[in-house]
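Colleague:
Residue numbers (our numbering): -3 to 316.
1) Residues in the same chain with beta-carbon distance under 6 Å from residue 173, minus the five sequence neighbours each way, listed in chain order, please.
2) How about residue 319 and residue 209: do their beta carbons lie closer than 8 Å?
3) What residue range is occupied by the uninterrupted alpha helix (DSSP H) comprising residue 398?
4) Closer than 6 Å by C-beta to residue 300: which residues in its own chain qualify, once you throw out the five before and the five after it? Chain order, please.
5) Distance, Cα to Cα, residue 141 vs residue 211?
6) Whole angstroms is fine: what's the gap from residue 219's alpha carbon to residue 239's?
7) For residue 317, does the count of other Cβ atoms within 10 angstroms reach 16, so buried, or fall short, so exposed?
8) Quick one: grab the DSSP three-state call for residue 124.
9) For a minimum of 4 consecutive residues, which ranges assigned as the alpha helix (DSSP H) are wholly contained in the segment 104 to 148?
10) Would you tell me roughly how many angstroms separate the C-alpha atoms of residue 26 and residue 117, rounded to the nearest one?
11) Look at the Cβ atom of residue 125, then the Cβ atom of residue 268, and state whether they are nearer than 8 Å.
12) Taking one C-beta from the segment 100 to 114 and one from the segment 183 to 195 each time, how about it: are there three or more such pairs within less than 8 Å?
13) How would you write the range of the beta strand (DSSP E) that residue 324 sits in, first residue to last?
14) Spell out the partners DSSP gives residue 158 in its beta bridges.
15) Would a C-beta distance cut-off of 8 Å place residue 207 and residue 275 closer than the cut-off?
16) Please confirm if residue 184 has its CB atom under 8 Å from at least one CB of chain B.
17) Assuming residue 178 contacts residue 278 under a Cβ cut-off of 8 Å, what Cβ separation, rounded to an integer in Å, is found between them?
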């Protein structure tokens, strides 16, 4: 980790706190504003201590204990929108599933230790709004990657994915690419985007970082349209940018179910500075509505990859 004096982090492991499974890779939360600090170390010292200093882990233990005593973890309170067709899971399948769960590693999944709940709309149709449960991992300081479900229980359907990047990376994108991305300023300031189950101070610090980021979101299974299978094609989603855009009844129902208050979170986040939104984001507001359409490819027409694919050299006679 670079610049250890500037970035002092405290891990919060949602899976362990909520008793959902074994310890996964921690999501590091900054706590500088609230006076919770890890001992400053040099690069050389980091290699020796590997982040296991007594002071840090005492702080971790205290935070995990407080979180475990919290009234709700934010889990398993939102069923899927649909019931998928198909036969009931057989005992043999259940046994096989149990065996693979014990024997196979799932590191990419275990790294997804941040849970956020928010709302999206289809780009080009703001009236088509839905709740979206994000389970995210940290790629690095500038990139988070999230899988999106229509609930937070075992029956949840995989609805899509979102990539979240820093302003630095967004500003370097090509103009046409920027039209696919949305800002997070209003989502944070409105209190509509939440991280259920973690302490308010931790959520505040995370939102301080998230407010200046940008997301690109695709939904692949439109269970909000009551589709019991992932039919059709992926669609580009956007985030809300102002008051009176979102269905407040939808927000109120979510808040009641999760026992939270978006209004209180909005009040608490007033002190988070709202950064200027980079040009190119939220392009729909300037009439630039981008959406995915499927069409047949002409014979031998190249697939429109953004870059030449590394497997582009196919043997003679293969493909079209």
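For every residue, glycine included, the Cβ atom is placed at its ideal position computed from N, Cα and C.
Modeller: Well, looking at it:
1) In the chain shown, the residue the question calls residue 173 occupies position 177. Taken in chain order, the list of residues that qualify is empty.
2) No answer is possible for residue 319: it lies beyond the span of the chain, which begins at -3 and ends at 316.
3) Outside the shown range of the chain, which is -3 to 316, sits residue 398, and nothing can be said about it.
4) Counting from 1 along the chain shown, the entry for residue 300 is found at position 304. So the list is empty, once near-sequence residues are dropped.
5) By one-based count along the chain shown, residue 141 stands at place 145. By one-based count along the chain shown, residue 211 stands at place 215. The alpha-carbon atoms of residue 141 and residue 211 are separated by roughly 9 Å.
6) Here residue 219 corresponds to residue number 223 of the chain shown, with the count starting at 1. Here residue 239 corresponds to residue number 243 of the chain shown, with the count starting at 1. Going from the Cα of residue 219 to the Cα of residue 239 covers about 26 Å.
7) Only positions -3 to 316 of the chain appear in this structure, which leaves residue 317 out of reach.
8) To locate residue 124, count along the chain shown from 1; it is residue 128. Strand, per DSSP.
9) Segments of the alpha helix (DSSP H) lying fully in the segment 104 to 148: there are none.
10) In the chain shown, the residue the question calls residue 26 occupies position 30. In the chain shown, the residue the question calls residue 117 occupies position 121. Note that residue 26 scores 39 on pLDDT, short of 50, meaning its location in the model is unreliable and no value can be drawn from it.
11) By 1-based counting over the chain shown, the position of residue 125 is 129. By 1-based counting over the chain shown, the position of residue 268 is 272. It is not a contact, given that the beta carbons lie outside the stated cut-off.
12) yes
13) Residue 324 lies beyond the stretch modelled for the chain, which goes from -3 to 316, so this question has no answer here.
14) Translated into positions along the chain shown, residue 158 becomes position 162. Its beta-bridge partners are 142 and 213.
15) To locate residue 207, count along the chain shown from 1; it is residue 211. To locate residue 275, count along the chain shown from 1; it is residue 279. No, the Cβ-Cβ distance between residue 207 and residue 275 is not below 8 Å.
16) In the displayed structure, chain B is absent; only one protein chain is listed.
17) Start at 1 with the first residue of the chain shown, and residue 178 comes out as number 182. Start at 1 with the first residue of the chain shown, and residue 278 comes out as number 282. That pair is a contact at about 5 Å.
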